[in-house]
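Peer 1: In this note's numbering, each residue's number is its place in the sequence shown (first place is 1) plus 6. Glycine is no exception: its CB is placed at the ideal position from the N, C-alpha and C atoms. This structure is a prediction, so every number in the text was calculated from the model and none was measured.
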Amino acid sequence: MSGDVIVPFDYGEVRFFRMARTYFGWAGYWTGVYFVDGLLIDSGPPNLAREVATLCRELGVRQCVTTHHHEDHSGNHRLLREQLHITPLAHSSGVKLIAQPETDPQLYRRMTWGVPEAAESAPLGEWLETPRFRLQVLHTPGHSEDHISLWMPDRGWLFSGDLYLAPKLKYLRADEDIYAMLDSLGRVVKLEPQVLFCQHRGRVENGARLLRHKLDFLTELGERIHDLNRRGLPEKEIARHLPGSDLLWRLWTSGHFSKRNFVRAFLRPGDESRRM
Ligand SMILES: [Zn+2]
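Below, the structure written as structure tokens:
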């Protein structure tokens, strides 16, 4: 049977709440929200609304910011507004996406996260302040157009949303912009963050080194894809030559996540200057 799980992690000044809907004890996909000095970073998936509402009251959430509009990150914005009178902040390009969410997402998304209600949010400025901290808002598109990361220069902390996830990705979402992602990773690596607060993995040490690993991995993957493409291999064949197996996720998401999406993203026609 299904159940909703929230697992708390205490990192001192930062707290992380990892959450998922489970089926027969199996979590489809773990996601999470951070809480720092009254600020909630992301609001979690809509199918955990009841648990998130209780959590927000217990924590005394005073403001909320969204790393990007995906429903596992902005899914309870409506609830924050209606029950706690908080208008979440989002990148200006995300405000509209949160106000007009997809009405019929893929089955795996409905099962894993539920369907979000339309919600109002307000556009972010360049900095975000809490009583004790100042966080710089960095627009880091790629995973989604409206993706932001939050940078605390005095601490070397980066709230990285879904920019990091893993040093070696095995599959890509169909709607990700790989060239924007490479550009975002390159800019963030230069800041030399010590610690990442990843929305799915929790606190990650050696932030700059791991982000650089991811950047190098994707750059090499792109070179390989372009090389195989020049040799005349079709998309499907190129995907087969890429490392790792995407089988489980490709089947579970009906191809919304796949290795083939890497091939499509790197070979997408458009701005030739972005090509490798
Ligand atoms: Zn996402």
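If you reduce the DSSP assignment to three classes, tell me which class F263 lands in.
Peer 2: Looking at F263 - three-state DSSP - the assignment turns out to be strand.
Peer 1: Counting only runs of 3+ residues fully inside the segment 189 to 256, write out the beta strand (DSSP E) ranges in chain order.
Peer 2: If we require 3 residues or more, the beta strand (DSSP E) runs fully inside the segment 189 to 256 come out as 201 to 204, 208 to 211.
Peer 1: Any idea if D160 is buried or exposed, counting beta-carbon neighbours within 10 angstroms, 16 or more meaning buried?
Peer 2: By the neighbour-count rule (16 or more Cβ atoms within 10 Å), D160 is not buried but exposed.
Peer 1: Confirm the yes/no value for this check: CB of H91, any heavy atom of ligand 2, distance under 7 Å.
Peer 2: Of the ligands this structure carries, namely ligand 1, none is ligand 2.
Peer 1: Assuming G50 and G18 are in contact, meaning their beta carbons sit under 8 Å apart, how far apart are those beta carbons, in whole angstroms?
Peer 2: 22 Å between Cβ atoms; not a contact.
Peer 1: Count the other CB atoms within 10 Å of the CB of N212; is the residue buried (16 or more) or exposed (fewer)?
Peer 2: That one is exposed.
Peer 1: Round the Cβ separation of W119 and Y177 to the nearest angstrom and send it over; I've been treating them as touching at under 8 Å.
Peer 2: So it is not a contact: roughly 18 Å between Cβ atoms.
Peer 1: Who's in the neighbourhood of ligand 1, going by beta-carbon under 7 Å from any heavy atom, listed in chain order?
Peer 2: Here the list is H74, H76, D78, H79, H149, S150, D168.
Peer 1: Looking at the secondary structure, which residues open and close the alpha helix (DSSP H) in which V101 lies?
Peer 2: 98 to 105 is the extent of the alpha helix (DSSP H) around V101.
Peer 1: Is it the case that the Cβ atoms of Q142 and A124 are separated by a distance below 8 Å?
Peer 2: Against a cut-off of 8 Å, the Cβ pair of A124 and Q142 comes out as no contact.
Peer 1: Taking all protein chains shown into account, do 16 or more other C-beta atoms lie within 10 angstroms of the C-beta of S190, making it buried, or fewer, making it exposed?
Peer 2: Buried is the call here.
Peer 1: What first and last residue would you give for the beta strand (DSSP E) that runs through T60?
Peer 2: It is not in any beta strand (DSSP E) - T60 instead sits in the alpha helix (DSSP H) that spans 55 to 65.
Peer 1: Span of the alpha helix (DSSP H) holding R84?
Peer 2: Note, R84: alpha helix (DSSP H), 83 to 90.
Peer 1: Kindly indicate the opening and closing residues of the beta strand (DSSP E) around H145.
Peer 2: Looking at the DSSP string, the run of the beta strand (DSSP E) that includes H145 is 140 to 145.
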